[in-house]
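**Q** My questions all concern the structure below.
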Amino acid sequence: MEPKEKTASTLNTIVRIIILLVLAVALLYVIVNSEDLKTSRLMAFITGKRFDREQITDFSFAPDPANAFAMYQDGIAILSSTGLSVLDGSGDERLLVPAKYSKPVIKAEGKYLVGYDVGGTRWIYIDDYKILKNELSESTILNAEINAKGWAVIVTQRIGSKATCTVYNNALERVYEWISPERYITCTDLSDDCKSAAVGGLRQENAKIVSTVILLRLDRETPYAQVDIEDVVILDMKYLSDGSLAVLTENSVMVIDSNGKLRGKFEFDSELLAEYDFDGADFLLLRLQKSDSA
131 MEPKEKTAST LNTIVRIIIL LVLAVALLYV IVNSEDLKTS RLMAFITGKR
181 FDREQITDFS FAPDPANAFA MYQDGIAILS STGLSVLDGS GDERLLVPAK
231 YSKPVIKAEG KYLVGYDVGG TRWIYIDDYK ILKNELSEST ILNAEINAKG
281 WAVIVTQRIG SKATCTVYNN ALERVYEWIS PERYITCTDL SDDCKSAAVG
331 GLRQENAKIV STVILLRLDR ETPYAQVDIE DVVILDMKYL SDGSLAVLTE
381 NSVMVIDSNG KLRGKFEFDS ELLAEYDFDG ADFLLLRLQK SDSA
């Protein structure tokens, strides 16, 4: 019986390794493609402009399939494979920062902006058109978010852990760090009062994928609440004005209160998520498509 037990043990180990490798690859796929699901910031900016004259302002930038857009101040910011360009409401270039990005992602809130390279190490932080940081991280960057007060959370992947969440205030002082030893992190957000953070975790359990909403307070070392969600991946999350958290998965939107209790849930199992937008004030825009099996 001993040889069979060793064979079974070896097979189980191999299966676990394969699952973990698949999970690691899936993580980058989820992070990269969740950004692609967001509605076009460029189109939102253009269609939101009000043109009172026949003369329409020109907004010029180099075409690049990697271009990422964010509405910034009264203009628009473009992070491309060659760097950052920020245009004001008149179409004038206020800022140009050359740099190399493989998969650029950009986030903006008010006068604050953070840009980063998913799977790379470069990130940049802007405050009112001023560059406060433009450097290479020591670890691979997976995700970043910024709130209305300019506080930022940067998720990196360090050796010895699945992910590390580091919170910076608007002076870019490190004020909090949480290490995730068991879960990969697919998304994150910071509350506007700068007291709480939330992350979407992903782990393997008995050959299944389990997602977890993890709630953190920045004055505590460990999470104060966790909500497990089986068989789906958390794509994005956003704090609402009342302190509750909106969570978007592959097939649902749920709202979790500040104590980690489920307040409500909207499911769209029979439809496919084509696009979404979290930029509204306490509402989420979804564009759904009928699936072939529906």
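Sequential numbering of the sequence shown, starting at 131, is according to this note's numbering.
We treat Cβ as the ideally placed atom computed from N, Cα and C, and that holds for glycine.
Computed from a prediction, not measured in an experiment: that's the story for all the values here.
(1) Would you call the CB atoms of L416 and L403 closer than 8 Å?
(2) Taking all protein chains shown into account, decide if R304 is buried (16 or more other Cβ within 10 angstroms of its Cβ) or exposed.
(3) Excluding sequence positions up to five away, which residues of its chain have a Cβ less than 6 Å from the Cβ of K368?
(4) So the candidates are D372, Y255, K391, I236; which of them puts its Cα closest to the Cα of I359?
(5) DSSP beta-bridge partners for V363?
(6) Kindly indicate the opening and closing residues of the beta strand (DSSP E) around L403.
(7) Please tell me whether T296 and I315 are closer than 8 Å, where the distance is taken between their beta carbons.
(8) Exposed or buried, what is V362 when buried is set at 16 or more other beta-carbons lying within 10 Å of its beta-carbon?
(9) I need the straight-line Cα distance from I236 to I261, nearest angstrom please.
(10) Taking the continuous beta strand (DSSP E) assigned at E275, which residues delimit it?
(11) Ends of the beta strand (DSSP E) at K420?
(12) Could you name each continuous alpha helix (DSSP H) segment of 4 residues or more that falls completely within the region 263 to 348, going from the start of the chain to the end?
(13) Are the Cβ atoms of I344 and A328 separated by less than 8 Å?
(14) Determine the closest residue to E401 out of V385, L418, D412, with distance taken between C-alpha atoms.
(15) To the nearest angstrom, report how far apart D194 and S211 are at their CA atoms.
(16) Let me check one thing: in DSSP terms, what residues is D204 bridge-paired to?
**A** In terms of the structure at hand:
(1) Taking the first residue of the sequence shown as position 1, residue 416 is located at position 286. Taking the first residue of the sequence shown as position 1, residue 403 is located at position 273. Taking a C-beta distance under 8 Å as the contact criterion, L416 and L403 qualify as a contact pair.
(2) Taking the first residue of the sequence shown as 1, we reach residue 304 at position 174. Classification of R304: exposed, given that the 10 Å Cβ count is below 16.
(3) Working through the sequence shown from its first residue, we reach residue 368 at position 238. Closer than 6 Å at Cβ, skipping near neighbours: D319, A376, F408.
(4) Position 229 of the sequence shown, counted from the start, is the residue given in the question as residue 359. For I359, the nearest C-alpha among the options comes from K391.
(5) Here residue 363 refers to the residue found at position 233 of the sequence shown. In the DSSP output, where bridge partners are listed per residue, V363 has none listed.
(6) On the sequence shown, residue 403 is found 273 positions in, with the first residue counted as 1. Looking at the DSSP string, the run of the beta strand (DSSP E) that includes L403 is 401 to 407.
(7) By one-based count along the sequence shown, residue 296 stands at place 166. By one-based count along the sequence shown, residue 315 stands at place 185. No, they are not a contact pair.
(8) Residue mapping note: residue 362 aligns to position 232 of the sequence shown, counting from 1. Exposed, because fewer than 16 other Cβ atoms sit within 10 Å of the Cβ of V362.
(9) Sequence index remark: in the sequence shown, residue 236 carries index 106 (1-based). Sequence index remark: in the sequence shown, residue 261 carries index 131 (1-based). Each residue's Cα considered, the two are about 14 Å apart.
(10) Start at 1 with the first residue of the sequence shown, and residue 275 comes out as number 145. Here the beta strand (DSSP E) through E275 covers 270 to 276.
(11) Position 290 of the sequence shown, counting from 1, holds the residue named residue 420. Run containing K420: 415 to 420, per the beta strand (DSSP E) assignment.
(12) Listed in chain order, nothing qualifies, since the region 263 to 348 has no complete alpha helix (DSSP H) run of 4 or more residues.
(13) Counting from 1 along the sequence shown, the entry for residue 344 is found at position 214. Counting from 1 along the sequence shown, the entry for residue 328 is found at position 198. A contact, by the Cβ cut-off of 8 Å.
(14) Mapped onto the sequence shown, residue 401 falls at position 271. Ranking V385, L418, D412 by Cα distance to E401 puts L418 first.
(15) On the sequence shown, position 64 is the one that residue 194 refers to. On the sequence shown, position 81 is the one that residue 211 refers to. Rounded to the nearest angstrom, the two C-alpha atoms are 7 Å apart.
(16) Translated into positions along the sequence shown, residue 204 becomes position 74. Paired residue(s): none; D204 is not in a bridge.
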